[in-house]
Structure formats: C-alpha cells, structure tokens
Amino acid sequence: MRPVPNTYIVILSESERSPNVLTLSQLRFFTLFRMTNLTWLITSLTLLLLLTSFESKAQMIFDTLYLDEMEIISTQFNFSSPAKSQNIDTLTKRELDHLSLAELLTANSTVFVKSYGKGGIATAAFRGTAASHTKVLWNGFEINSPMLGQVDLSLIPNVFYDEARLDYGGSSLETTSGAMGGSINLESNKSKAREVLNFTQSIGSFNTYISAIKLSLGKERFNSKTSIYLNSSENSFSYYNNAIIPHEWQKQENAAFYNGGFTQSFIYKISNHQSVEILSWNQWNFREIPPIMSNQQGGDNEEQQKSFTSRNILKWKFHKTNTVVEAKAAWFYEDMNYLLKTTTAINHNDTVTFINSTNISNTGFINARITHNLNNGWLVSAELMFNKNTVNSNNYSEIKTRNSYDLFLKINKDFAEKLKGEFMLRQKYVDNGIIPPMPFLGFSFKPIKNEDFYLRLSSNLNYNLPSLNDLYWYPGGNHDLIPEEGVQFDAGLNYSKTYSEFISISMDLSFYDSYISNWIQWVPSDNRFWTARNIGFVHARGIESGVSVNGVIDNLFYKISGQYSFNKSTNESDEAIEGEYSGRQLIYVPLHSGNIFAFFSIKKYQLNWNSQFTGKRNTSLNEETHYSNVLPAFSISNISLAKAFPIKKSEIEVKFKVNNIFNKSYQAILWRPMPGRSFEVFFTVKIK
Amino acid sequence: MTNKIVNKSSLREKRSNLNGDGVKHRRDCFGRTSLVMTSLFVGIVLLFSSCKNEEPAPAVGEFQNAVFVVNEGNFTNGNASLTYFNHQTSEVEQQVFYRKNNAPLGDVANSISFDENSIYIVVNNSHVVYKINSITGLYEAKTPELTSPRNLIIIDEHRALISDLYENNLTVVNTLNMEIISKIEIGRTSENLLKLDNEVFITNWSAYNQELKNNMVLVLNTLSMEITDSIQVGVEPNSMVLDNDNNLWVLCSGGFMNEERASLWKIDAKTKLVQKRFNFEDINSSPTKLNISPSANTLYFINKDIFQMDISGSSLSAIPFVLASETNNFYSLGIGFDSDIYITDANDYSRNGEVYRYSASGIIKEQFEGGLIPGAIGFMN
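Those protein sequence lines, which keep their order, are chains A and B.
Per the working numbering, residue 1 is the first one in the first sequence, and the count goes up by one each step.
Per the working numbering, residue 1 is the first one in the second sequence, and the count goes up by one each step.
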C-alpha cells in the first residue's frame with residue numbers, strides 16, 4: 001500500500017480548531033493523535049463514500065435518515081486543543097438560519113447578547129467584558145466597526161456564512177488581537193452545499209417577512225455560491241406599558257426594520273493544490289428607533305438609522321505536502337447614516353431637532369499566512385497582516401486614518417499523544433508605535449489512554465486598541481489613549497463518549513479569570529462634554545459549562561444540548577474603590593445565564609425546542625434596590641415543528657414556529673419592550 | 001483498521017434489523033432512556049417556563065417635613081427618580097414616586113413645584129408633568145403631550161405656567177386636571193419662571209430652536225397673559241431669585257462654549273432697570289443654581305465650589321462656602337426654610353449621588369444618598 005501523502009495530516013491539523021468531523025458512533029476510533037497514514041486514507045475514503053451515498057436516492061427512509069443526521073451532527077467542542085474553541089452547533093444554525101447571529105448566540109452559546117429588541121442593535125458581552133472586546137471575523141477579517149470597535153450582531157444574517165466558531169479568551173489570538181472576551185469566526189464555503197437551490201420564505205407576526213435563497217452551482221473546478229436575504233418587519237407588537245400612568249396596553253410604533261443583501265462567492269480550483277476564492281457581501285439596512293416606554297407621548301419624532309456595507313475578499317490558497325500557504329486581501333466599506341428629527345407637540349411640522357449624521361469607513365486588509373508541519377509533532381504557523389482604516393465622519397474634525405501591522409507566530413507540539421502544547425505570539429504595530437507583545441501559552445493533557453477526556457490550561461496577554469471614536473470623536477475624543485491591557489487565565493476539561501448508537505455525550509467545563517486594565521470609559525470632564533479615559537480596571541471571572549447528548553433510538557434521532565455560565569465582572573479601579581462601588585457587577589452583565597436546545601427528528605418530522613435563561617442584570621452601579629436598578633431574570637422558550645415532503649429529487653419543508661410560547665413579558669434593556677408570543681410559518685424548497 | 005469498518009457496517013445491520021432478535025433489548029433501552037430523558041427534559045422545561053415575579057417595593061408612609069430631591073437620571077434611560085427626606089427625623093426614602101405609583105418617574109425629571117395640596121414634577125424627556133398628592137404621593141393627573149417641559153410655576157388657584165426648552169411658547173395648564181388651557185407665544189425658549197405680584201419673569205436659557213440670542217429675561221403680565229417687557233442680560237441666564245427689596249438677581253453662565261464671561265445681574269423688578277452687573281473673571285467659569293437664603297440677604301451659587309455672596313456687596317465678592325474636593329462633582333443647590341443649605345453631588349453620573357446638608361454657618365449637619373444625578377431640590381411647607 002503506498003503511503004498516504006502527508007497532505008491529509010496537514011489539512012486536518014489546520015482544521016483542528018473547527019473539526020467538522022462526523023460524529024459517527026465510531027468517532028472514538030478516530031482520535032487525531034493516534035491516526036496513522038493508513039488510517040487517514042481509509043477514513044477519508046469512508047467519508048467520501050458516505051457523502052456520495054447520501055446523494056443517492058432514498059433507500060429505506062431510516063437509512064437515509066441516518067445519513068442525514070450524520071452529516072448534521074458536528075463536534076461542538078474542540079477536544080484536544082489547549083485553547084478553548086467551540087463551533088456553534090449546525091442544527092441550531094439550521095433552525096435559526098433565517099435570523100441573525102444575535103439570535104444564534106442567544107440560543108446556543110454562553111455569549112450574552114444585549115439586544116434592544118427585534119431589529120434593534122444587538123451587541124455581545126463575552127465573559128463579562130465590553131462589546132468592543134468581542135471581535136467578529138468574516139473569513140479571517142474583522143468586521144467590527146473601526147469607529148465604535150464593536151459589531152451589531154443583528155445585522156449579520158446567518159445565511160451569509162456556513163460556520164461560526166467561538167474562540168474564547170486568549171484562543172482568539174489565533175485570528176485577532178484585542179478580543180479579551182473572545183472572537184466569533186464566521187467562515188463561508190466550508191462545507192459542500194447540500195442542495196443546488198435552497199429557498200425559504202417565512203411569514204410571521206407583526207408583518208414580518210423573511211426570504212432566504214441559497215444557490216450553489218458549479219462543476220469540478222469552478223463553483224459559484226450565492227445567498228440572498230430579505231427581511232422586513234413592521235414590528236408592531238403589543239405590550240403592557242407599565243412605565244406610564246395609568247398602565248395600559250400599547251402597540252409598539254416606530255420600530256420597523258428592513259434589511260436586504262447578498263453574498264457571492266466564486267471558488268476556482270486551479271489545481272489539486274491551489275485554489276482561488278472571491279467573496280463579496282453587500283447589505284442594506286434600515287431601522288427605526290422607538291422611544292422608551294416612559295417617553296411615549298411627545299411630538300411626531302423620527303429616529304432612524306440606515307447603512308450600506310460592502311465586504312469583499314480575494315483569497316488564494318496553496319497546499320503541498322506539509323505546507324499550507326494562504327494569501328488574502330480584503331476591502332470593507334461601510335456608510336452609516338443616523339437621523340433624528342423631533343418636532344414640537346403642538347405642530348408636528350415644526351421641526352425642533354434635526355441631526356443627520358453620516359459616517360463612512362473604509363478598511364483595507366492584506367494578509368499572508370503559512371502553516372508548516374514539521375515532523376515529530378511540531379506544527380508552525382506564521383502570519384503577516386496589514387490593516388488600514390479610514391473614517392470620514394461629520395463627528396470628527398477631519399478624515400482620520402489608522403494603519404496597523406500584525407505579526408503572528410504559532411507553534412504547536414504534540415508530546416507523546418498525552419500532552420499537547422501551543423504557543424502563540426501576536427505583535428502589533430500601529431502608526432504611533434509598538435503595542436506590547438501578546439503571548440499565549442497553553443497545554444492540554446489526556447490522562448486516560450482510551451478516553452476522550454482532556455484537561456487544559458492556558459494563560460495569555462492581550463491588548464485592545466482604542467476605537468477611532470474614542471480617539472477622535474469631537475468633542476471628547478482623546479488621542480492620548482493607550483490600549484486596554486488584559487491578563488488572562490483559562491482552565492478547563494472536556495469529555496466525550498459514545499456509549500452506543502442510542503446515546504453519545506460530550507461536555508465541557510471551563511474556568512476563566514481575566515484582569516483588564518486601562519479599560520476605556522467615557523466620563524464627565526471639567527468641560528461640559530464627556531471624554532474618553534483609560535481608567536477602568538475590570539476583574540472578570542467565571543465558569544462556562546456545556547453538555548450535549550445525542551443519539552438514535554429506533555427511528556427517532558435526538559440531540560439535546562445545554563449551556564450554563566456564571567460570569568462575575570466587577571470594576572476594581574481606584575475610582576471604584578474610592579466611590580465604594582467596586583465589587584458590584586458591571587451593568588447589563590448577568591451573573592447567571594443558560595440555554596437549552598433540543599432537536600428531535602423522526603421520519604420526516606422535526607421538532608425543535610429552545611429555551612434561554614437570563615439572570616438578573618444591574619442597570620446602574622448602585623446597590624441593588626428596586627426595579628429600575630436591577631432588571632429581573634427571565635426565560636424565553638420557542639418551539640417549532642416541521643415536516644418535509646420529498647418530491648422527486650427535491651424536498652419541500654413546511655415549518656410552524658411559536659416564539660416566546662409562554663408569552664413572557666420581559667425587558668432586555670430597561671424600558672424597552674419586547675414582544676410576547678408570536679408565530680411564524682416557513683416554506684422551504686430544496687432542489688438538489 | 002479493517003476491524004473498524006466491519007464494526008461500522010455491523011452496527012448498520014443491527015439498526016436496520018428492526019424486527020430481529022435485538023428488539024427486546026432495544027425496547028428496554030428505549031423505554032428507560034426515553035423515560036429518563038423525557039422527565040429530565042420536562043423538568044428543565046418547567047424550570048425555564050416559570051420565573052418568580054419580583055417582590056413589590058416596600059411601602060412608603062406619608063410625606064412630612066418633606067425635602068424632595070428630583071433625580072434626573074440618564075438621558076434616554078428612563079431612570080429618573082424622586083428621593084424623599086424628612087428634615088426633622090432624617091428619614092430618607094428612595095424611588096418614592098415608583099413605590100407610590102408603580103410606575104417610573106420617567107426620563108430626565110427636571111423640577112418640582114408645590115401648591116397647597118399637590119406636588120408637580122416636570123419630567124422633561126418624557127414630555128409630561130405629573131401631579132401627585134402632597135401627602136400620599138399618589139398620582140392625580142398628568143398633562144397631555146408637551147414638547148420639552150422644564151419648569152412649572154403656579155400663577156393662581158387654578159392655573160400654572162410651564163416653560164419649554166424647544167417650543168417658543170409657554171403652556172398654560174389647569175392645575176385641577178392638568179389639561180392645557182392655552183399656549184402663549186413668546187418667541188423664545190424658556191427655562192426659569194419667577195412670580196412677583198402680577199408678573200412672571202422668564203429666562204431664555206437656551207438658543208436651541210431659535211434664531212435670537214439667548215440673553216434675555218422676559219416679563220409676562222398674568223392679567224393680560226402677554227409679554228410686556230424684556231430685559232437684556234448676559235448669555236445663557238440659568239437661574240434667578242428675588243430678594244426682599246424686589247430686586248431680581250439673574251446668573252448667566254456666559255454660554256455653552258464660553259462665548260463671554262459669566263455674569264451676575266441685579267435688576268429692579270419693578271422698573272426692570274439693570275442696577276448692577278458683576279462679571280466673573282475666569283472665562284471658563286460656568287456658575288449655576290443661584291439661590292437666596294430665607295432672610296434674603298445672602299446669595300449662593302455653584303461654580304465648581306459652592307459660593308456665597310452678600311447682596312449688598314458692590315463687587316463680585318463671593319467667598320467659598322463649601323470647597324469641592326477632588327472627588328466632588330457639585331451639581332445642584334437648594335435652601336430650606338430653616339436656612340439649611342442642601343448641596344447635591346452627582347459623582348460620575350452613572351451611580352447614585354449624594355446630598356449634603358449644611359447649616360448657614362457652613363458646618364455640615366448630615367448627608368444622605370440621592371438617586372442618579374440629583375438635581376432640583378424642593379421644600380414642601
């Protein structure tokens with residue numbers, strides 16, 4: 001038998017962070033450590049066999065079902081890595097594919113999403129840190145706004161990417177810097193498309209219409225993938241307004257939103273070793289911003305935000321024997337317009353306030369990365385990146401630019417299959433100087449020979465640059481700001497086992513401890529306006545846990561996964577100690593949060609249940625007293641039922657969904673109402 | 001390796017063999033597993049579907065010897081509140097509006113006024129003025145839609161005037177039911193309101209939504225309900241008081257971007273003639289919250305520190321009354337009927353402030369916690 005080229009080893013090592021390995025009941029046989037060349041050959045052939053057999057016509061419904069499920073399940077937790085990394089479950093993504101990253105993270109991750117309501121802005125608080133400490137990357141490039149430093153997760157439709165990988169804490173140094181909480185890595189074109197055309201149309205309460213189209217065409221060398229997304233809603237839900245006197249039921253007004261966009265990829269395989277990819281993501285967004293519950297009376301006011309973003313990537317990839325080289329360039333453009341128009345109460349044509357703020361940002365990236373597999377278990381990766389941000393805003397005194405260079409080095413070593421070490425170093429240069437280096441050192445240990453049980457430990461430094469608003473906003477921006485500094489520790493364990501085809505379990509438990517100093521806060525200055533200063537010192541620590549159970553019992557396939565996290569995040573700066581508010585939980589960071597996602601599939605029916613629990617949140621740094629200082633805990637549950645009707649080579653699926661089935665009344669942000677029970681109907685056509 | 005393949009295919013066989021030998025065993029597994037799972041699942045579902053209702057806030061008694069602190073809250077956060085302080089017993093209660101009426105005070109509560117039986121609270125960004133009972137604190141009425149109300153003054157038994165930051169009108173309301181009676185066009189935005197006999201003095205604090213310069217005090221005749229006079233003062237007049245000689249004192253900050261020096265004006269309220277103008281030396285001075293002692297011989301204002309000044313002074317001879325420490329952020333000032341001076345400290349605007357009570361001789365008597373950004377202070381008879 002001729003030896004398998006080492007290509008396979010290199011590729012799979014590279015994808016270590018996001019193993020899309022099929023969780024067959026045989027997974028226990030396929031541990032990355034113990035694979036030999038021959039085993040890899042057979043594995044890959046088996047996989048190929050399975051994939052192709054999936055495409056064949058239906059045999060017994062059960063068999064087809066089995067394969068179907070196999071392709072869906074993916075290993076969520078990255079077992080052996082010293083750095084904590086987790087793929088969002090594919091089933092969750094498919095259930096929420098018509099929505100945005102905000103809903104996906106809320107449903108099945110420990111990242112807390114702070115949302116202003118459906119269609120409203122949604123930002124992440126990963127491990128009790130600020131929204132700017134969560135970096136979202138699309139195919140390796142940060143999409144955080146250079147002005148704000150954060151991302152609006154509600155404007156990232158799930159159909160515009162295939163996989164979402166969460167890199168917690170220091171493991172985010174793999175792709176970016178400054179993500180003290182973690183990074184969310186969105187990858188496109190990762191999996192072979194299952195259908196040529198997938199078209200979903202949904203109609204929901206409050207005049208909500210969503211259309212999502214995915215088209216995949218191509219032959220052997222050339223592939224084209226298109227995704228189109230349209231989403232509109234009047235968002236006119238009823239709620240009980242208990243912020244006015246007398247309390248009364250009201251209908252939410254001025255909260256409509258419309259989003260639309262498309263992504264287009266062309267992938268061309270130059271040879272077996274080289275490929276070129278072009279990706280483009282273009283999106284138009286519009287949303288109205290409603291007043292808070294206590295301010296419902298008052299002129300005919302208009303507050304809205306609209307934006308256009310265009311993100312374009314050109315990627316070239318080359319892999320041969322033990323080496324993978326990737327070079328890519330990107331250009332991101334964003335044009336954001338904010339409008340506020342208030343009128344007097346007596347004459348709705350008498351305009352009082354008129355703010356029309358335009359902000360245009362252009363970001364260019366160039367990135368080159370090389371990964372090389374030496375022998376004896378050494379893997380080395382090096383990356384060079386150049387990034388240029390340019391912002392033209394009427395809130396800055398002039399056009400502002402920032403250039404930065406990143407140098408990245410990673411060394412992995414497998415010691416005797418029991419111990420794995422990972423060292424990373426990211427070094428950043430920004431126009432006005434060198435940022436201190438950001439090292440990461442981690443180990444994972446496999447104590448028991450035949451069990452998928454790993455212990456991991458890591459520590460790292462991280463630096464987050466101030467956003468351009470922090471530096472240049474007029475008035476108040478402070479160009480003397482220094483980067484925020486993070487010192488982080490992580491420990492965890494994970495375990496997975498397949499007991500039988502009835503049940504497989506995987507679980508992960510993590511502890512993290514982060515110290516972030518020079519945290520940038522906007523505080524009142526001696527002048528009338530506020531200014532940005534490096535004054536915070538935040539200690540964020542906690543526990544994250546997740547369990548996932550799945551299996552097949554007779555005809556029934558099930559998967560249940562649950563997460564719980566405890567995040568204690570307090571400001572321990574000198575000011576906080578003097579002001580006697582150190583030790584209090586930061587605002588809008590819940591101490592406890594959790595979720596459960598349950599999926600059942602039998603014959604052609606699918607049942608999906610999802611519950612999310614959010615604990616109490618402080619809305620101010622005062623000692624807990626009454627309602628307006630603390631928002632109470634709440635939990636929301638959603639359920640959906642779908643049936644698929646196969647028609648020749650295609651399939652039609654009908655789904656009915658109930659959101660917030662217990663009709664809970666809750667607030668994610670103080671005095672901003674949320675909808676009660678609502679319904680959605682979906683029609684999906686899949687043509688293979 | 002080959003073994004593994006065989007295992008896999010043999011598993012397949014097992015599964016497809018639904019009616020084979022393994023049935024019994026599988027059914028048991030199924031039964032037991034599914035029972036455990038279902039109950040676990042149902043348990044978790046129930047856990048998620050029920051959530052404790054929050055406990056209601058403890059009740060507050062009747063208002064007595066009341067000093068009210070109106071906490072502005074953060075703009076657009078809707079977290080304004082009302083603090084109640086009994087100046088005899090030193091009892092302090094936070095969030096009394098919410099606790100009495102089960103609804104938040106609203107967004108940016110700006111001022112408080114009193115008449116015999118009621119308390120009027122102007123909530124600027126909620127576009128409303130609330131009327132509550134002065135003993136029970138319970139809601140009685142509220143105004144319909146207003147634009148950006150700031151202050152309220154009672155002009156007679158049944159009527160009150162409301163100033164506005166955006167509209168170039170004063171709103172006249174019926175104090176019984178808070179309905180709008182009429183609007184008085186004044187051509188400028190309005191802030192402070194002060195009544196002397198049949199006249200109401202109105203400061204034009206802000207240049208927002210007007211073309212004219214914000215350096216006027218207007219005079220309204222309450223019989224004709226028309227503007228009869230205007231007095232030019234410095235830019236951005238932010239507070240005014242009357243002394244016992246019918247002199248009107250107006251404090252001007254000099255403008256948001258410090259266009260001119262801050263100034264203090266003494267005007268004869270009857271003749272409307274300017275008697276004196278005192279200029280502040282430092283261009284960066286932004287003095288606010290002009291107050292006068294009950295004996296009406298001492299003025300107080302905030303200019304980072306708290307200053308006091310004798311009204312008979314010929315020059316701006318203000319002396320520091322309370323010096324602000326490094327951590328102080330003095331925000332507002334009020335003087336009680338007993339001449340005690342109440343000073344509020346807004347801290348960093350994101351957590352509860354403090355209120356300090358000083359005697360007229362400058363000795364601190366006590367302090368208590370306020371709410372978020374403690375602003376206007378109201379003293380009820």
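Don't be surprised by glycine CBs; every beta carbon is placed ideally from N, CA and C.
Alpha carbon of residue 221 (chain A) to alpha carbon of residue 236 (chain A), nearest angstrom: The residue you call residue 221 (chain A) lines up with position 221 of the first sequence. The residue you call residue 236 (chain A) lines up with position 236 of the first sequence. Taking the straight line from one Cα to the other gives about 48 Å.
Any Cβ of chain B within less than 8 Å of the Cβ of residue 22 (chain A)? On the first sequence, position 22 is the one that residue 22 (chain A) refers to. Confidence at residue 22 (chain A) is low in this model, with a pLDDT of 30, below 50, so its placement is unreliable and the value that follows should be read with caution. It does not: the Cβ of residue 22 (chain A) has no partner Cβ on chain B nearer than 8 Å.
Does the Cβ of residue 101 (chain A) have 16 or more other Cβ atoms within 10 Å, making it buried, or fewer, making it exposed? Taking the first sequence and counting its residues from 1, the one referred to as residue 101 (chain A) is at position 101. Flag for residue 101 (chain A) reads buried.
Return the bridge partner residues of residue 84 (chain B) from the DSSP annotation. By one-based count along the second sequence, residue 84 (chain B) stands at place 84. Looking at the DSSP assignment, residue 84 (chain B) forms a beta bridge with B:68 and B:93.
Note the first and the last residue of the continuous alpha helix (DSSP H) segment covering residue 577 (chain A). Counting from 1 along the first sequence, the entry for residue 577 (chain A) is found at position 577. That run of the alpha helix (DSSP H) goes 574–578.
Would you mind sorting residue 82 (chain A) into buried or exposed? The rule is 16 or more other CB atoms within 10 Å of its CB. Counted from its first residue, the first sequence places residue 82 (chain A) at position 82. Counting Cβ neighbours within 10 Å, residue 82 (chain A) comes out buried, since at least 16 surround it.
Would you call the stretch 372–379 of chain A and the stretch 348–359 of chain A touching, i.e. three or more CB-CB distances under 8 Å? These segments do not touch.
For residue 324 (chain A) and residue 375 (chain A), the rounded distance between their alpha carbons: Taking the first sequence and counting its residues from 1, one reaches residue 375 (chain A) at position 375. Taking the first sequence and counting its residues from 1, one reaches residue 324 (chain A) at position 324. For residue 375 (chain A) and residue 324 (chain A), the distance between alpha carbons rounds to 15 Å.
Quick one: what's got a C-beta closer than 6 Å to residue 685 (chain A)'s C-beta in the same chain, skipping five residues either side? Taking the first sequence and counting its residues from 1, the one referred to as residue 685 (chain A) is at position 685. Around residue 685 (chain A): 199 and 652.
Local Cβ density within 10 Å of residue 327 (chain B), reported as buried at 16 or more and exposed below that: On the second sequence, position 327 is the one that residue 327 (chain B) refers to. Answer is exposed; the Cβ neighbour count stays below 16.
Of the residues A:216, A:658, A:90 and A:406, which one's Cα is nearest the Cα of residue 141 (chain A)? Position 141 of the first sequence, counting from 1, holds the residue named residue 141 (chain A). Minimum Cα distance to residue 141 (chain A) is reached at A:406.
Our contact map puts residue 547 (chain A) next to residue 561 (chain A) with C-beta atoms below 8 Å; I'd like the distance itself, whole angstroms only. Numbered from its first residue, the first sequence carries residue 547 (chain A) at position 547. Numbered from its first residue, the first sequence carries residue 561 (chain A) at position 561. Yes, they are in contact, since the Cβ atoms of residue 547 (chain A) and residue 561 (chain A) sit about 7 Å apart, within 8 Å.
Using a 10 Å radius around the Cβ and a threshold of 16 neighbouring Cβ atoms, would you call residue 287 (chain A) buried or exposed? If you number the first sequence from 1, residue 287 (chain A) lands on position 287. So residue 287 (chain A) counts as buried.
Given that a residue counts as buried once 16 or more other Cβ atoms are within 10 Å of its Cβ, and exposed if not, what is residue 27 (chain B)? Numbered from its first residue, the second sequence carries residue 27 (chain B) at position 27. Reliability of the predicted coordinates at residue 27 (chain B) is poor, the pLDDT of 42 falling under 50, and no value is obtained from them.
Length of the line joining the Cα atoms of residue 64 (chain A) and residue 601 (chain A): Looking up residue 64 (chain A) in the first sequence gives position 64. Looking up residue 601 (chain A) in the first sequence gives position 601. Below a pLDDT of 50, predicted positions are generally treated as unreliable, and residue 64 (chain A), at 32, falls in that range; the measurement from the model is reported next regardless. Their Cα atoms are separated by approximately 12 Å.
Against chain A, does residue 300 (chain B) count as a neighbour if the rule is that its beta carbon must be under 8 Å from one of theirs? Taking the first residue of the second sequence as position 1, residue 300 (chain B) is located at position 300. Not an interface residue.
Figure out for me which residue from A:663, A:688, A:533 and A:681 has the closest Cα to the Cα of residue 239 (chain A). In the first sequence, residue 239 (chain A) corresponds to position 239, counting from 1. When only C-alpha atoms are compared, the closest one is A:663.
Which value, in whole angstroms, describes the spacing of the CA atoms of residue 396 (chain A) and residue 211 (chain B)? Taking the first residue of the first sequence as 1, we reach residue 396 (chain A) at position 396. Taking the first residue of the second sequence as 1, we reach residue 211 (chain B) at position 211. Distance between the alpha carbons of residue 396 (chain A) and residue 211 (chain B) is about 26 Å.
Starting from residue 101 (chain A) and walking both ways along the alpha helix (DSSP H), at which residues does that stretch end? Taking the first residue of the first sequence as 1, we reach residue 101 (chain A) at position 101. Note, residue 101 (chain A): alpha helix (DSSP H), 101–108.
What three-state label does DSSP hand residue 429 (chain A) in the structure shown? Residue mapping note: residue 429 (chain A) aligns to position 429 of the first sequence, counting from 1. Of the three classes helix, strand and coil, the one that applies to residue 429 (chain A) here is strand, per DSSP.
Cβ distance (whole Å) where residue 287 (chain B) is taken to contact residue 278 (chain B) below 8 Å: As a position in the second sequence, residue 287 (chain B) is number 287, starting the count at 1. As a position in the second sequence, residue 278 (chain B) is number 278, starting the count at 1. With a Cβ gap of about 10 Å, residue 287 (chain B) and residue 278 (chain B) do not count as contacting.
Restricting to runs no shorter than 4 residues, where is the alpha helix (DSSP H) found entirely within the stretch 618–649 of chain A? Counting only runs of 4+ residues, no alpha helix (DSSP H) is found wholly inside the stretch 618–649 of chain A.
Please state whether DSSP places residue 120 (chain B) in a helix, a strand or coil. Looking up residue 120 (chain B) in the second sequence gives position 120. Strand at residue 120 (chain B).
Using a Cβ-Cβ cut-off of 8 Å, state whether residue 294 (chain A) counts as contacting chain B. Here residue 294 (chain A) is taken as the residue at index 294 of the first sequence, counted from 1. Yes, its Cβ sits closer than 8 Å to a Cβ of chain B.
Let me make sure I understand the geometry here. Which of A:268, A:105, A:617 and A:550 has the alpha-carbon closest to that of residue 189 (chain A)? Taking the first sequence and counting its residues from 1, the one referred to as residue 189 (chain A) is at position 189. Of A:268, A:105, A:617 and A:550, the residue nearest in Cα terms is A:268.
I need the DSSP call for residue 130 (chain A), collapsed to helix, strand or coil. Taking the first residue of the first sequence as position 1, residue 130 (chain A) is located at position 130. Three-state result, residue 130 (chain A): coil.
For residue 331 (chain B), three-class secondary structure by DSSP: Reading the second sequence from its first residue, position 331 is the one you call residue 331 (chain B). Reduced to three states, the DSSP call for residue 331 (chain B) is strand.
Neighbour-count burial assignment, residue 58 (chain B), 16 or more Cβ in a 10 Å radius: Position 58 of the second sequence holds residue 58 (chain B). Burial call: exposed.
Taking the alpha-carbon positions, what's the residue 94 (chain B) to residue 569 (chain A) distance? Working through the second sequence from its first residue, we reach residue 94 (chain B) at position 94. Working through the first sequence from its first residue, we reach residue 569 (chain A) at position 569. Note on geometry: alpha-carbon atoms of residue 94 (chain B) and residue 569 (chain A) lie some 26 Å from one another.
Is it right to say residue 383 (chain B) is buried, meaning 16 or more other beta carbons lie within 10 angstroms of its own, or is it exposed? Outside the modelled stretch of chain B, which goes from 1 to 381, sits residue 383 (chain B), for which no answer is possible.
Assess, as a yes-or-no matter, whether the stretch 507–520 of chain A is touched by the stretch 467–484 of chain A under the definition of 3 or more beta carbon pairs within less than 8 Å. yes
Tell me the DSSP secondary structure of residue 92 (chain A) in three-state form. By one-based count along the first sequence, residue 92 (chain A) stands at place 92. In this structure, residue 92 (chain A) counts as helix in the three-state DSSP scheme.
Which of helix, strand or coil does DSSP assign to residue 686 (chain A)? For this step, residue 686 (chain A) is matched to residue 686 along the first sequence. Residue state, collapsed to three classes: strand.
Going residue by residue through the stretch 92–175 of chain B, where are the continuous alpha helix (DSSP H) segments of at least 4 residues, counting only ones entirely within it? 96–101
Please go through the same chain and pick out, in chain order, the residues whose beta-carbon is closer than 8 Å to the beta-carbon of residue 291 (chain A), but skip the five residues on each side of it. Taking the first sequence and counting its residues from 1, the one referred to as residue 291 (chain A) is at position 291. Counting only Cβ-Cβ distances below 8 Å, and skipping sequence neighbours, we find 254, 298, 301 and 303.
Would you identify the three-state DSSP class for residue 438 (chain A), choosing helix, strand or coil? Taking the first residue of the first sequence as position 1, residue 438 (chain A) is located at position 438. Looking at residue 438 (chain A) - three-state DSSP - the assignment turns out to be strand.
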